[in-house]
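Colleague: Numbering (full-length UniProt numbering), first residue to last: 1 to 464. Let me begin by handing over the structure; questions about it come next.
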Amino acid sequence: MACAPRIGFLTDFVPLYQDFENFYTRNLYMRIRDNWNRPVCSVPGERVDIMERFTDDYNWTFKFTGRVIKGVINMGSYNYLGFAQNSGFCAEASAVVLQQYGGGVCSTRQEMGNLDKHEELEHLVAEFLGVDAAMTYGMGFATNSMNIPALAGKGCLILSDELNHASLVLGARLSGATIRIFKHNNMQSLEKLLRDAIVHGQPRTHRPWRKILILVEGIYSMEGSIVRLPEVIALKKKYKAYLYLDEAHSIGALGPNGRGVVDYFGLDPRDVDIMMGTFTKSFGGAGGYIGGSKVLIDYLRKHSHSTAYATSMSPPVAEQIITSMKCIMGADGTSLGRERVEQLAENTRYFRRRLTEMGFIIYGNSDSPVVPLMLYMPAKIGAFGREMLKRHIGVVVVGFPATPIIESRARFCVSAAHTKEMLDEALSKISEVGDLLQLKYSRHHFVPLLDRPFDETTYEETED
Ligand SMILES: Cc1ncc(COP(=O)(O)O)c(C=O)c1O
Numbered sequence: 001m002a003c004a005p006r007i008g009f010l011t012d013f014v015p016l017y018q019d020f021e022n023f024y025t026r027n028l029y030m031r032i033r034d035n036w037n038r039p040v041c042s043v044p045g046e047r048v049d050i051m052e053r054f055t056d057d058y059n060w061t062f063k064f065t066g067r068v069i070k071g072v073i074n075m076g077s078y079n080y081l082g083f084a085q086n087s088g089f090c091a092e093a094s095a096v097v098l099q100q101y102g103g104g105v106c107s108t109r110q111e112m113g114n115l116d117k118h119e120e121l122e123h124l125v126a127e128f129l130g131v132d133a134a135m136t137y138g139m140g141f142a143t144n145s146m147n148i149p150a151l152a153g154k155g156c157l158i159l160s161d162e163l164n165h166a167s168l169v170l171g172a173r174l175s176g177a178t179i180r181i182f183k184h185n186n187m188q189s190l191e192k193l194l195r196d197a198i199v200h201g202q203p204r205t206h207r208p209w210r211k212i213l214i215l216v217e218g219i220y221s222m223e224g225s226i227v228r229l230p231e232v233i234a235l236k237k238k239y240k241a242y243l244y245l246d247e248a249h250s251i252g253a254l255g256p257n258g259r260g261v262v263d264y265f266g267l268d269p270r271d272v273d274i275m276m277g278t279f280t281k282s283f284g285g286a287g288g289y290i291g292g293s294k295v296l297i298d299y300l301r302k303h304s305h306s307t308a309y310a311t312s313m314s315p316p317v318a319e320q321i322i323t324s325m326k327c328i329m330g331a332d333g334t335s336l337g338r339e340r341v342e343q344l345a346e347n348t349r350y351f352r353r354r355l356t357e358m359g360f361i362i363y364g365n366s367d368s369p370v371v372p373l374m375l376y377m378p379a380k381i382g383a384f385g386r387e388m389l390k391r392h393i394g395v396v397v398v399g400f401p402a403t404p405i406i407e408s409r410a411r412f413c414v415s416a417a418h419t420k421e422m423l424d425e426a427l428s429k430i431s432e433v434g435d436l437l438q439l440k441y442s443r444h445h446f447v448p449l450l451d452r453p454f455d456e457t458t459y460e461e462t463e464d
């Protein structure tokens, strides 16, 4: 008798997983789970130290051996410009700020948490982006998920790329706006949605949409593709929509001045209505920003949940961003930042070219430092991750649900901090494991795409 209500209580819940996800979790994920969440015990620089662990119950639990795998070449962190450092001018300046301000702010921007460091950072971000004003937040994910609901709502239409990051998806869902999805980086698909939206208006009433907001990313983190920004801007102007650009992976990492995808295409930042990005990658810090017109930023300062309810950014983190951003801009009086931007571009092209020559299939744009190497078969995820770590190369492997189940991949992130020797060592180990696991799937000779714009269907070509 005592059990009956309990069973009823349990079965009343919506299942946590759909049937297939449950099957996947039990039969696949558990067997390769050791490849994720490995505890790192050093700065996530060009090399990392990883705590060695083992399992004696088929990956249900892990125990530490007490040993540390030292000096693993880090091909997984988003440390594009090599600012993830525990020494050097950024770390030193942050340490001074830590002594002066402490680590936490203990209040929101609207209350006692509006420090001079935050104001300094926001002026700098606006200058860096080439926009009127900017607002910064303690978390990149919350920058999207908490600001999109302030910008769109009922009666608005959000047009979202099918591969947009979870934070954009969550923000769109929380906004209450109608969401329609267009094919990844596909301008025909986007234009069709825009045209239909103008022609038909809102469902049932056919009233015009209050606002149409297009959500795109600069570099897509699982594909390595770069948004077709000139075309997106042309479409948004043609159909009088608004554009929200998430530069989490592209800011710092793209463009001759490291100012992201707008800089890469030589466009005017004022053509993008909402410039969003994070400090977690190229700047080696944490948090996010929104840049745009003064009207937009003033509005967000009042209406964004993350301004009103979230504690503001830790001051040493703000200093890390200020110093690294000034370095990229050359405002520190050195050419160090520019050299890092150039080094990243050179490393990216070298790494991508060598992988292609070896016969791997890699996705994305040749200028993207995010480099997905296709493994396809889910069983190869575990094997690749483990074999690479055995050879002291740290990689991120990705599978379902982040990718379609038969499009498993390894996702490398190239850094300006990688030396040629490190890249060569990583490449020779990747080649070795590629032979071992039969990953060199490409049967074609590679022809560089030269000036042709990137198309996700043309990442490789035959010469014949
Ligand atoms: C496109 C995109 N937007 C937003 C975020 C969230 O940023 P953060 O990790 O700084 O919270 C990420 C994180 O990887 C991202 O890739």
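Quick reminder that beta carbons are idealized off the backbone N, C-alpha and C, glycines included. This structure is a prediction, so every number in the text was calculated from the model and none was measured.
Taking just the CA atoms, how far does Pro203 sit from Leu193?
Modeller: Here residue 193 refers to the residue found at position 193 when the sequence shown is read from its first residue. Here residue 203 refers to the residue found at position 203 when the sequence shown is read from its first residue. The alpha-carbon atoms of Leu193 and Pro203 are separated by roughly 14 angstroms.
Colleague: Compute every distance between the C-beta of Ser167 and the non-hydrogen atoms of ligand 1, then say whether any falls below 7 angstroms.
Modeller: Taking the first residue of the sequence shown as 1, we reach residue 167 at position 167. Indeed, a heavy atom of ligand 1 lies less than 7 angstroms from the Cβ.
Colleague: Got a sec: does ligand 1 put a non-hydrogen atom nearer than 7 angstroms to the Cβ of Asn144?
Modeller: One-based indexing of the sequence shown puts residue 144 at position 144. Yes; taking the cut-off as 7 angstroms, the Cβ of Asn144 has a heavy atom of ligand 1 nearer than that.
Colleague: Could you give the C-beta distance for residue 466 and Gly224, rounded to a whole number, given that I count them as a contact under 8 angstroms?
Modeller: This structure leaves residue 466 out entirely; the chain is present only between 1 and 464.
Colleague: Using 8 angstroms as the Cβ pair cut-off and three pairs as the minimum, do the segment 333-345 and the segment 164-180 touch?
Modeller: No, they do not touch.
Colleague: Spatial neighbours of Val43 within its chain, please: C-beta separation below 7 angstroms, excluding the five flanking residues on both sides.
Modeller: As a working note, residue 43 is residue 43 in the sequence shown. Ala84, Gln85, Asn86.
Colleague: For the segment 278-293 and the segment 96-111, state whether three or more C-beta atom pairs, one from each stretch, are separated by less than 8 angstroms.
Modeller: Verdict: no, contact absent.
Colleague: Which value, in whole angstroms, describes the spacing of the CA atoms of Tyr78 and Phe351?
Modeller: On the sequence shown, position 78 is the one that residue 78 refers to. On the sequence shown, position 351 is the one that residue 351 refers to. Roughly 16 angstroms between the two C-alpha positions.
Colleague: Is there contact between the segment 428-436 and the segment 397-406, where contact requires at least three CB pairs shorter than 8 angstroms?
Modeller: No, the segment 428-436 is not in contact with the segment 397-406.
Colleague: Spatial neighbours of Met358 within its chain, please: C-beta separation below 7 angstroms, excluding the five flanking residues on both sides.
Modeller: Here residue 358 refers to the residue found at position 358 of the sequence shown. Hits under 7 angstroms: Ser431, Gly434, Lys440.
Colleague: Is Cys90 buried or exposed, if buried means 16 or more other CB atoms sit within 10 Å of its CB?
Modeller: Position 90 of the sequence shown, counting from 1, holds the residue named residue 90. Cys90 comes out buried.
Colleague: Mind checking whether the beta-carbon of Met377 lies closer than 7 angstroms to any heavy atom of ligand 1?
Modeller: Position 377 of the sequence shown holds residue 377. Not under cutoff, so the answer is no.
Colleague: Near Arg301, what residues of its chain come up, given a Cβ to Cβ distance below 7 angstroms and the 5 sequence neighbours on each side ignored?
Modeller: Indexing the sequence shown from 1 puts residue 301 at position 301. So the list reads Met135, Thr307, once near-sequence residues are dropped.
Colleague: Answer yes or no: the CB of Gly394 versus the heavy atoms of ligand 1, is any distance below 7 angstroms?
Modeller: Working through the sequence shown from its first residue, we reach residue 394 at position 394. No.
Colleague: Closest to Ser324 by CA distance: which of Met313, Val341, Glu119, Tyr309 is it?
Modeller: Here residue 324 is taken as the residue at index 324 of the sequence shown, counted from 1. Measuring from the Cα of Ser324, the nearest candidate turns out to be Val341.
Colleague: For Pro369 versus Val105, is the C-beta distance shorter than 8 angstroms?
Modeller: What you label residue 369 is simply residue 369 of the sequence shown in a count that begins at 1. What you label residue 105 is simply residue 105 of the sequence shown in a count that begins at 1. No. Outside cutoff.
Colleague: Tell me which same chain residues have a C-beta within less than 6 angstroms of the C-beta of Lys236, skipping the five on either side of it?
Modeller: Translated into the one-based positions of the sequence shown, residue 236 becomes position 236. Same-chain partners within the cutoff: Ile214, Leu243.
Colleague: Counting only runs that start and end within the segment 42-126, where is the alpha helix (DSSP H) found for 4 or more residues in a row?
Modeller: The segment 42-126 contains these whole alpha helix (DSSP H) runs: 89-101.
Colleague: Output the distance between the C-alpha atoms of Leu157 and Tyr239, rounded to the nearest integer angstrom.
Modeller: By one-based count along the sequence shown, residue 157 stands at place 157. By one-based count along the sequence shown, residue 239 stands at place 239. Taking the straight line from one Cα to the other gives about 13 angstroms.
Colleague: Under a three-way DSSP split, which group does residue 466 fall into?
Modeller: For residue 466 there is no data in the structure shown, the boundaries of the chain being 1 and 464.
Colleague: Is it buried or exposed for Ala166, if we count other Cβ within 10 angstroms and need 16 for buried?
Modeller: In the sequence shown, residue 166 corresponds to position 166, counting from 1. Exposed, since its Cβ has fewer than 16 Cβ neighbours within 10 Å.
Colleague: Between which two residues does the alpha helix (DSSP H) carrying Tyr244 extend?
Modeller: Here residue 244 corresponds to residue number 244 of the sequence shown, with the count starting at 1. Where Tyr244 is concerned, there is no enclosing alpha helix (DSSP H), although the beta strand (DSSP E) it sits in stretches over 242-246.
Colleague: Roughly how many angstroms separate the alpha carbons of Lys326 and Asp298, rounded to a whole number?
Modeller: Against the sequence shown, residue 326 aligns to sequence position 326. Against the sequence shown, residue 298 aligns to sequence position 298. For Lys326 and Asp298, the distance between alpha carbons rounds to 24 angstroms.
Colleague: What does residue 475 pair with, by DSSP beta-bridge criteria?
Modeller: No statement about residue 475 is possible, as the shown extent of the chain runs from 1 to 464 and does not include it.
Colleague: Under a three-way DSSP split, which group does Asp132 fall into?
Modeller: Here residue 132 is taken as the residue at index 132 of the sequence shown, counted from 1. Three-state DSSP puts Asp132 in coil, outside helix and strand.
Colleague: Considering only residues of the same chain and omitting the five flanking positions on each side of Glu46, which have a CB-CB separation below 8 angstroms?
Modeller: In the sequence shown, counting from the first residue as 1, residue 46 sits at position 46. Excluding residues within five positions, the ones whose Cβ falls inside 8 angstroms are Ile73, Asn74, Asn79, Gly82, Ser415, Ala417, His418, Thr419, Met422.
Colleague: Consult DSSP for Ser160 and reduce its assignment to one of helix, strand or coil.
Modeller: Residue mapping note: residue 160 aligns to position 160 of the sequence shown, counting from 1. Three-state result, Ser160: strand.
Colleague: For Lys154, count neighbouring C-beta atoms within 10 Å of its own C-beta (all shown protein chains included) and say buried if the count is 16 or more, exposed if not.
Modeller: As a working mapping, residue 154 is identified with position 154 in the sequence shown. That one is exposed.
Colleague: Taking Gly292 as part of the beta strand (DSSP E), name the residues at either end of that continuous run.
Modeller: As a first step, residue 292 is located in the sequence shown; it is residue number 292 there, counting from the start. Start and end: 288-292.
Colleague: Excluding five sequence neighbours on each side, which residues of the same chain lie with their C-beta closer than 8 angstroms to the C-beta of residue 515?
Modeller: Residue numbering for the chain in the displayed model covers 1 to 464; residue 515 lies beyond these limits and cannot be assessed.
Colleague: Just to confirm before moving on: does the CB-CB distance between Gly140 and Thr280 stay below 8 angstroms?
Modeller: Sequence index remark: in the sequence shown, residue 140 carries index 140 (1-based). Sequence index remark: in the sequence shown, residue 280 carries index 280 (1-based). Against a cut-off of 8 angstroms, the Cβ pair of Thr280 and Gly140 comes out as a contact.
Colleague: Going by Cα to Cα distance, which pick from Glu387, Glu162, Val317, His392 is closest to Gly285?
Modeller: Locating residue 285 in the sequence shown gives position 285, counting from the first residue. Ranking Glu387, Glu162, Val317, His392 by Cα distance to Gly285 puts Val317 first.
Colleague: Going along the chain, which unbroken runs of the alpha helix (DSSP H) with 4 or more residues stay wholly within the segment 214-245?
Modeller: Those alpha helix (DSSP H) runs which fall completely within the segment 214-245 and span 4+ residues are 229-238.
Colleague: Report the partner residues of Tyr309 according to the DSSP bridge assignment.
Modeller: Mapped onto the sequence shown, residue 309 falls at position 309. Answer is none; Tyr309 lacks a bridge partner.
Colleague: Pick helix, strand or coil for Met139, following the three-state DSSP scheme.
Modeller: Numbered from its first residue, the sequence shown carries residue 139 at position 139. Met139 falls in the coil class under three-state DSSP.
Colleague: Looking only at its chain, what residues have a beta carbon closer than 8 angstroms to the beta carbon of Ser442, apart from the 5 residues adjacent to it on each side?
Modeller: Residue mapping note: residue 442 aligns to position 442 of the sequence shown, counting from 1. These residues qualify, in order along the chain: Thr356, Gly359, Phe360, Ile361, Glu460.
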